[in-house]
Amino acid sequence: MNIYYGKQHIDINDINKVISALKSEKITQGKYVKRFENDLKTKFKSKHCLVVNNGTSALYLSIKSLNLKNSSKIICSTNTFFSSIYTVIMNNLIPDFCDIEDQTYNIDLNKLEDKIKKDRKIKAIIAVDFAGHPCDWESLNFLKKKYKLFLINDNCHAIGASIKGNQGYACKYADLVTQSYHPVKNITTGEGGSILTNNSNLSQKIELLRNHGMKRNDLSKKKFGQWFYEVKDFGFNFRLSDIHSALGISQLNKLKKFVYKRNQIARHYDKSFKNLDCIKTPVVKKGFSHAFHLYPVLIDFKKTKINKKKFFEKMIKVGINLQVHYIPVYRQKFLKNFKFNKKFFPVTEEYYKREVSLPIYFSLKKDKIDYVINQVKRVLKC
Ligand SMILES: Cc1ncc(COP(=O)(O)O)c(C=O)c1O
0 MNIYYGKQHI
10 DINDINKVIS
20 ALKSEKITQG
30 KYVKRFENDL
40 KTKFKSKHCL
50 VVNNGTSALY
60 LSIKSLNLKN
70 SSKIICSTNT
80 FFSSIYTVIM
90 NNLIPDFCDI
100 EDQTYNIDLN
110 KLEDKIKKDR
120 KIKAIIAVDF
130 AGHPCDWESL
140 NFLKKKYKLF
150 LINDNCHAIG
160 ASIKGNQGYA
170 CKYADLVTQS
180 YHPVKNITTG
190 EGGSILTNNS
200 NLSQKIELLR
210 NHGMKRNDLS
220 KKKFGQWFYE
230 VKDFGFNFRL
240 SDIHSALGIS
250 QLNKLKKFVY
260 KRNQIARHYD
270 KSFKNLDCIK
280 TPVVKKGFSH
290 AFHLYPVLID
300 FKKTKINKKK
310 FFEKMIKVGI
320 NLQVHYIPVY
330 RQKFLKNFKF
340 NKKFFPVTEE
350 YYKREVSLPI
360 YFSLKKDKID
370 YVINQVKRVL
380 KC
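Under numbering that gives the first Met the number 0, the residue at position 214 of the sequence shown is numbered 213, and the numbers go up by one with no gaps.
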């Protein structure tokens, strides 16, 4: 038996939808791509949506579309997947970091404002709705306007979350919103992602960059011939196929049910660990609903008879593959030239010593969840 921290759930409707895409006239740049984009726009209340081949491409294109001057700075969370950072560097910009707060593990808005005030080179913020708990986007939007910054919501974890009952919160407050549909995420297309925005100008730039920087329009076709196209910029092929999009359409229909089940699993874990003083379970703040892409617990290993490394080894022996989200990004050797000092990120450092992500996904059955709970209790003995 092997239990992972996350995995996809594919049913017969998903399979049938993919088969119909495979049988259709176009298997890329066809009607399923358009339909998936329209469904995403409706679900997340955005004016524009561009699907791409993964969440990293979505971040790369979002950052590029801002046209920031070389060596401008972008502030990122310390607690995120590394692609949020290297996409900044690949755009010839400088990443800088802000510590997290100790309740939701999202970027700390007080520390963020202190940083912004002191540094005129900061032009944008990428904030992550970590584990599926939205950041305080109303306050982030206030900072965006006060300091004239761009705001990107790396929304990969929070697909299906809401603020004050609004599932369209992400585009309401951020200039650009990026999602990933990797199999561990709340819905999947195999690989895939999207950019959602209410800004027509940014959407047009991204559409161009996603497709080799090439533009075709009726006017120039009429003037120069039906084959005519013009290269407007150096772009990429970051398109998503109709096969992937068909799976996305079918998965999006199940998002409500997926997120509901994730919340049920989270509540079951919460209750089971309530009386253990070595485990801190996730907090859901008033006014927010959590999408529970992850279930991060903080374990006080000083109160247990085991360290984090041994804990992982013992859990693997009983078939449970845990994860850590994340190794603080500034600790990566790859960033050594930037000389980030961990003493500026005390909350992240303490969090990293303790964080463990427990398994959470739609098809995780009650007996498996109870098995995980019992094994955690047996091994930690606290
Ligand atoms: C917060 C965050 N940002 C970006 C990404 C990148 O998405 P993808 O794996 O689809 O490239 C991920 C994926 O794990 C993520 O969790």
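Note that the Cβ used here is the ideal one computed from N, Cα and C, for glycine as well.
Inter-residue CB distance, residue i and residue j (contact presumed, cutoff 8 Å)
i	j	result
H8	Y360	7 Å
L251	I194	Incorrect: roughly 16 Å between the Cβ atoms, too far for contact.
I73	A123	5 Å
D98	F344	5 Å
K25	D241	6 Å
V355	V317	That pair is no contact at about 15 Å.
A290	I158	6 Å
Y180	E137	The pair is not a contact, with the Cβ atoms about 27 Å apart (cut-off 8 Å).
Simplified DSSP assignment, three categories, for residue i
i	result
D241	helix
M0	coil
E24	coil
I305	coil
K365	helix
G192	strand
T288	Note that residue 288 is Ser in the sequence shown, not Thr. It is a strand residue.
D217	helix
K384	Nothing in the structure corresponds to residue 384, since the chain is present only between 0 and 381.
E354	strand
K122	strand
I133	For the record, residue 133 in the displayed sequence is Pro; it is not Ile. P133 falls in the coil class under three-state DSSP.
D101	coil
L67	coil
N165	strand
K72	strand
N236	strand
P94	strand
N252	coil
I9	coil
L321	coil
V401	The question about residue 401 has no answer, for the chain in this structure spans 0 to 381.
C381	coil
H211	coil
Closest residue to residue i among the options (Cα-Cα distance)
i	options	result
F129	K338, I372, I319, S288	S288
N198	F149, T303, N373, I278	F149
L208	L49, F227, N109	L49
K284	V323, K117, F235, Y104	Y104
V258	M314, K184, T55, D38	K184
S82	E36, I326, T347, N210	I326
K307	F80, T27, G318, C277	C277
Y329	T77, D118, N236	T77
K204	L379, A57, R34, Y3	A57
L142	I162, D107, I62	D107
K342	F96, K214, R119, L275	F96
A169	E190, I264, G191, T196	T196
F272	A290, Y294, K253	Y294
K352	K253, V176, K332, I305	I305
L363	I319, K335, F337, V346	I319
S23	N200, V176, N210, S244	S244
P358	G5, K163, K220	G5
Exposure of residue i, with buried meaning 16 or more beta-carbon neighbours within 10 Å
i	result
N66	exposed
R261	buried
E349	exposed
R384	The requested residue 384 is not part of the displayed model; the chain covers only 0 to 381.
D153	buried
E312	exposed
R238	buried
Q225	exposed
G192	buried
I62	buried
K114	buried
V375	buried
L218	exposed
In DSSP terms, what residue i is bridged to
i	result
D153	V127, T177
L297	K279, E354
I106	I99
Beta carbon proximity, residue i to chain B, threshold 7 Å
i	result
L195	As a matter of chain content, chain B is missing from the structure shown, which is built from one protein chain.
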